[in-house]
Amino acid sequence: MEAINYSEKIPNNVNLAGDRALQRALEHWQPNFLQWWAEMGPEGTRNFDVYLRTAVSVDPGGWAHFDFVKMPDYRWGIFLAPAASERKIHFGEHLGEPAWQDVPGEHRANLRRIIVTQGDTEPASIEQQRHLGLTAPSLYDLRNLFQINVEEGRHLWAMVYLLHRYFGRDGREEADALLQRRSGDTDNPRILGAFNEKTPDWLAFYMFTHFTDRDGKFQLCALAESSFDPLARTTKFMLTEEAHHMFVGEAGISRILQRTCEVMNELHTDDPSRLREAGVIDLPTIQRYLNFHFAVTIDLFGADQSSNAATFYGAGLKGRFDESKRGDDHRLHDATYKVLDMAEGKLVERDAPMLNALNEVLRDDFIKDSVGGIGRWNRIMEKAGIPFRLALPHKAFNRKIGSFANMRVAPDGRVIDEAEWAAHERDWLASPEDRAFVASLMGGIKAPGRYANWIAPPAMAINKQPADFEYVRFN
Amino acid sequence: MTAESTTVQVLRQHLIDPEICIRCNTCEETCPVDAITHDSRNYVVDPAICNACNACISPCPTGAIDSWRQVERASAYSLAEQLSWDTLPAQEDVEAVAAADIPLEIARITAEASAGQGGVAAAPWSAAHPYVNLHTLAKPAVATVTGNHPLTGSGASSDIRHIVLDFGAVAFPVLEGQTLGIVPPGTDSQGRPHYVRLYSVASPRDGERPRYNNVALTVKRVTEDHTGQPVAGVASNYLCDLDKGATVNVIGPFGTSFLMPNHPGASLLMICTGTGSAPMRAMTERRRRRIADKEGGALMLFFGARAPEELPYFGPLMKLPRDFIDVNLAFSRVPGQPKQYVQDLIRIRGDDVVRHLNDDECYVYVCGLKSMEEGVNEAFRDVCRQHDLDWDTMLPSLREKGRYHLETY
């Protein structure tokens, strides 16, 4: 096995070159990672030169390092946001004490679990997206997909760094297991449900990056509040990359909507079948995809009543979104929060202890953020003079986790019976026919500056490149 | 960030395009002075706080952050206004005011050129007061070409020229390190006037020919773009082809930061490639003309080019006394020799470079293509590390003291 040149190959600000124990752990793990990338990473891309952004340092200047790179040679780095001097714990039972630079024994198992759960999503999404490269609507989109893939890979590295550096043998074993689970595998699946779903087409991909990567934003924000300082600083830096992933999703859907609106206005029709004939995705189909991805994503926040969430918060392991900007006592012993419950066949609000409802708090913050995104998409229809508006389904719709699991709730929040669900399921969730139609539009566009018929070109190129820039060279 | 213009009326206001922004919070997180804030609708920049540091530009995933409007300072868009937008307002007509101020294009180029050092740095404390923007797009100065000489050898792959412009009876006072804008005549293929191009002055303040009202420019004929595609640079080809006696529209001068110190004993550490040598030549020539004053202070130059025949001012440079300037030349394309870049020489001369960096009387200037920035930075970082110094903590203090100046394009 060849030794790794640490400062060259793995840009880092964790003094990797001076940490022999960490080097040994990574020397063992890195070849397995590359092996995993070759097997489960983007399919058939080994030789592509891709115009990628590599983070080479954490300061603003180290961000925009753009160059053509073969993905297996991508420099997966390890970065922690700069340390705040004398950072104090700012929530939970340890409020006011200095933040931990090492893992306290009593929180070891919980912290490891949090890090493993986060870390597991990173390779999972790469696995989910590995076939999409074959059907990209443009070189620009193909490049964005690959950028997301390598950055999810870097996020895996970030979590593996924490496991190796702070969790000894257990950590190393967990790091190995991150490369052994497989998205959608019946015997050894990824930990969280949404990460075992398929991402079969680009509409699903944009929905996934818009909603599921936004879940990532909220989870990372909550972890960036952690009393365990290395975790807080790692996730803080990851957030900057997560932003690009959300951008790809939000802008991707915007561009699809824009193209559909154009064709609707050209043909003066809102008839889905005529629009499908014209080769664009009708707005109701987009709404049905949206419903599915939104519901799957809000399941990721976990059960609405959770004693784990209370433990994590009390121990200072995981805060709320924008914890430091909230005006309460940051201990929440007496705080309550409105949660939804079933009573007499209806959904009603009731007060619950906030500590137990922290998953719901984070979920609601996510939903608020998502509403803003829907508003921005709707402005495209507004501008085009088209009356159709997208909407988020009710948060009890199509849930698999929490107290609404397996209840039948319509997108408008009405509790319904099985018969009504069966009668309308195809109106609310993408049907096999919808998916087959969207799949029929997918065909790889490889000419620079060209875009598939069902999606508008982006408003801006990457790194101010010309519109017909060749982002990916296939060699 | 908001580049404040030199007269008070006009502001180049930094805004965020609400149509492109995805509200990811990265800019707010990045901003070192907390100038960015948001509500549930928009992310906005406070014009009273933003200080033109550029830190938010590259982390933005969408490009929405890179939006600018030239506004009258008194009526800059308030936070409340920005929060209410669904789209950016159109550029309002501030031409009447702008005519007396830095053109938008110049402000943009300047901001980009100094981005690598994190925004415009302070000028040295002893720099002379610069005049800026005496001549505007609306009222350019008309200069006459009094010289146009090739600086590169016949075998060179590029054509670099030394062009002398005479302003006659029109005042156009410049300091070493300042730039001026050339307005190529005519319009582009879409009928719009050509953009202004900025050139660093290559002559000292008292003129290329002392006590005459003239300046020299170092102009490379542009025949390909950054990616190597053939393209004829509009302004450079226009300038390189000018005959003696032709007239040129010139605006400026510009630049209040990349200026040389004037106090006795001040040293200069200069690093440049290609036509980035223009300001270095101006400063060196200023000091050469004052050798007799025995003011002290050392000059150290790192100068890179493909080959000796492509190094502007190679001949005159080699004739300068060794005890006047310590010249280090790096050539990257000499057949049979390994490629050498300025950063390699900085490493070789690490001890002396660090001595200069540690000397409060030494001022550092870097000028050349954008691509040299990172290499030079890395080299500084390395030589500092070898002397148990941390470049990343040193750099901000150098900038603050007006001791570090970078201009790349």
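Same order as they appear, the protein sequences are chains Y and B.
All residue numbers for the first sequence refer to my numbering, where the first residue is 148 and numbers rise by one.
All residue numbers for the second sequence refer to my numbering, where the first residue is 740 and numbers rise by one.
Every residue gets a Cβ at the ideal spot worked out from N, C-alpha and C, and that includes glycine.
Keep in mind that this is a model prediction, so the values were computed, not measured.
task: Please list the segments of the alpha helix (DSSP H) lying wholly inside the stretch 1108-1132 of chain B, counting only runs of 4 or more residues, in order along the chain.
output: Uninterrupted alpha helix (DSSP H) stretches at least 4 residues long and entirely within the stretch 1108-1132 of chain B occur at 1109-1125, given in chain order.
- prompt: Under three-state DSSP, which class holds B/Ala1069?
  reply: Looking at B/Ala1069 - three-state DSSP - the assignment turns out to be strand.
message: Check whether chain Y comes within 7 Å of B/Pro798, counting only Cβ atoms and requiring the distance to be less than that.
response: At a cut-off of 7 Å between C-beta atoms, B/Pro798 counts as an interface residue with respect to chain Y.
query: What does B/Ser779 reach in chain Y if we use C-beta pairs closer than 8 Å?
result: In chain order: Lys515 and Gly519.
message: Just to confirm, is the Cβ distance from Y/Phe314 to Y/Arg259 under 7 Å?
response: Y/Phe314 places its beta carbon less than 7 Å from that of Y/Arg259.
- prompt: In this structure, what does DSSP give as the bridge partners for Y/Ser454?
  reply: Paired residues: none, contrary to the question.
- prompt: Since Y/Phe394 meets chain B, which of its residues come closer than 8 Å, beta carbon to beta carbon?
  reply: Ile761, Cys763, Pro800 and Thr801, listed in chain order.
- request: Can you give me the start and stop residues for the beta strand (DSSP E) that B/His753 sits inside?
  value: DSSP places B/His753 in the uninterrupted beta strand (DSSP E) bounded by Val749 to Leu754.
- request: Measure how close the beta-carbons of Y/Met589 and Y/Asp288 come, nearest whole angstrom, since I'm counting them as under 8 Å.
  value: In this structure Y/Met589 is not in contact with Y/Asp288, their Cβ atoms being roughly 11 Å apart against a cut-off of 8 Å.
- prompt: Under the three-state reduction of DSSP, which class applies to Y/Phe314: helix, strand or coil?
  reply: Reduced to three states, the DSSP call for Y/Phe314 is coil.
Residues within the stretch 344-359 of chain Y neighbouring chain B, beta-carbon criterion of under 8 Å: Going along the stretch 344-359 of chain Y in chain order, one finds no residue with a Cβ nearer than 8 Å to chain B.
message: DSSP has B/Glu963 in a bridge; who is on the other side?
response: Residue pairing by DSSP puts B/Glu963 in a beta bridge opposite B/Pro969.
task: My understanding is that B/Gly1141 touches B/Ala860, with C-beta atoms under 8 Å, so please give their C-beta distance in whole angstroms.
output: Yes, they are in contact, since the Cβ atoms of B/Gly1141 and B/Ala860 sit about 6 Å apart, within 8 Å.
query: Terminal residues of the continuous alpha helix (DSSP H) containing Y/Glu190?
result: Element bounds for Y/Glu190: n/a, residue is neither H nor E.
message: By the 7 Å beta-carbon criterion, what residues does the stretch 805-834 of chain B contribute toward chain Y?
response: Taken in chain order, the members of the stretch 805-834 of chain B whose beta-carbon sits within less than 7 Å of a beta-carbon on chain Y are Asp825.
- prompt: Does the beta carbon of Y/Glu397 come closer than 7 Å to any beta carbon on chain B?
  reply: At least one chain B Cβ lies under 7 Å of Y/Glu397.
field: Cα-Cα separation between B/Leu1059 and B/Thr918, rounded to whole angstroms
entry: B/Leu1059 and B/Thr918 have their C-alpha atoms spaced approximately 25 Å apart.
Option nearest B/Met1022 by Cα separation, candidates B/Pro757, B/Ala866, B/Ile899 and B/Ile755: When each option's Cα is compared against that of B/Met1022, the closest is B/Ala866.
query: In the stretch 895-954 of chain B, which residue ranges form an unbroken beta strand (DSSP E) of at least 3 residues, counting only runs that do not cross its ends?
result: You should have 899-905, 918-921 and 936-939.
- request: Thinking B/Asp805 and B/Ile796 are a contact (beta carbons under 8 Å), I'd like their distance in whole angstroms, please.
  value: About 6 Å; that satisfies the 8 Å criterion.
message: Using the three-state DSSP reduction, which class does B/His1144 fall into: helix, strand or coil?
response: If DSSP states are grouped into helix, strand and coil, B/His1144 belongs with the strands.
- request: Sort B/Asp1091, B/Arg1027, B/Tyr1148 and B/Asp1127 by Cα distance to B/Lys1109 and report the nearest one.
  value: When only C-alpha atoms are compared, the closest one is B/Tyr1148.
- prompt: Tell me the DSSP bridge mates of Y/Gln276?
  reply: Y/Gln276 pairs with nothing; no bridge assigned.
message: With distance defined between alpha-carbon atoms, name the residue in B/Phe993, B/Glu1146, B/Pro932 and B/Asp980 nearest to B/Val913.
response: For the residues B/Phe993, B/Glu1146, B/Pro932 and B/Asp980, the minimum Cα distance to B/Val913 belongs to B/Phe993.
field: Identity of the residue in B/Ala852, B/Ala829, B/Asp778 and B/Gly802 nearest B/Leu818 by Cα
entry: For B/Leu818, the nearest C-alpha among the options comes from B/Asp778.
- request: Mind checking who Y/Asp214 pairs with in its DSSP beta bridge?
  value: Looking at the DSSP assignment, Y/Asp214 forms a beta bridge with Y/Leu199.
Given Y/Met187 as reference, the closest of Y/Lys542, Y/Asp332 and Y/Arg361 once Cα atoms are compared: Considering only alpha carbons, the answer is Y/Asp332.
field: Beta-carbon proximity list for Y/Phe616, same chain, < 7 Å, skipping 5 on both sides
entry: For Y/Phe616, where only same-chain residues beyond five positions count, the Cβ hits under 7 Å are Pro595 and Ala608.
- prompt: The beta strand (DSSP E) spanning B/His777 covers which residue range?
  reply: Residues Ile775 to His777.
task: Starting from Y/Asp488, follow its DSSP beta bridges and name the residues at the other end.
output: DSSP output for Y/Asp488 lists Y/Val495 as bridge partner(s).
- request: Using 10 angstroms around the beta-carbon of B/Glu1024, count the other beta-carbons present and answer buried if the total reaches 16, otherwise exposed.
  value: By the beta-carbon neighbour count (other beta carbons within 10 angstroms, threshold 16), B/Glu1024 is buried.
query: Using a Cβ-Cβ cut-off of 6 Å (strictly less than) and excluding sequence neighbours within five positions of B/Arg1120, which residues of its own chain qualify?
result: Excluding positions up to five away in sequence, the list reads Trp1130.
The beta strand (DSSP E) enclosing Y/Thr607, as first and last residue numbers: Note that residue 607 of chain Y is Met in the sequence shown, not Thr. Looking at the DSSP string, Y/Met607 is not in any beta strand (DSSP E), and its letter there is neither H nor E.
- request: Jot down the residue ranges of each uninterrupted beta strand (DSSP E) in the stretch 1020-1101 of chain B, minimum 3 residues, whole runs only, in chain order.
  value: Taking 3 residues as the shortest admissible run, the stretch 1020-1101 of chain B contains the following complete beta strand (DSSP E) segments, listed from N- to C-terminal end: 1038-1044 and 1065-1070.
message: Going by DSSP, what residue range makes up the alpha helix (DSSP H) through B/Ile990?
response: Here B/Ile990 belongs to no alpha helix (DSSP H); instead the beta strand (DSSP E) covers Thr986 to Phe993.
task: Can you say whether Y/Pro219 is buried or exposed, counting buried as having 16 or more other CB atoms within 10 angstroms of its CB?
output: Flag for Y/Pro219 reads exposed.
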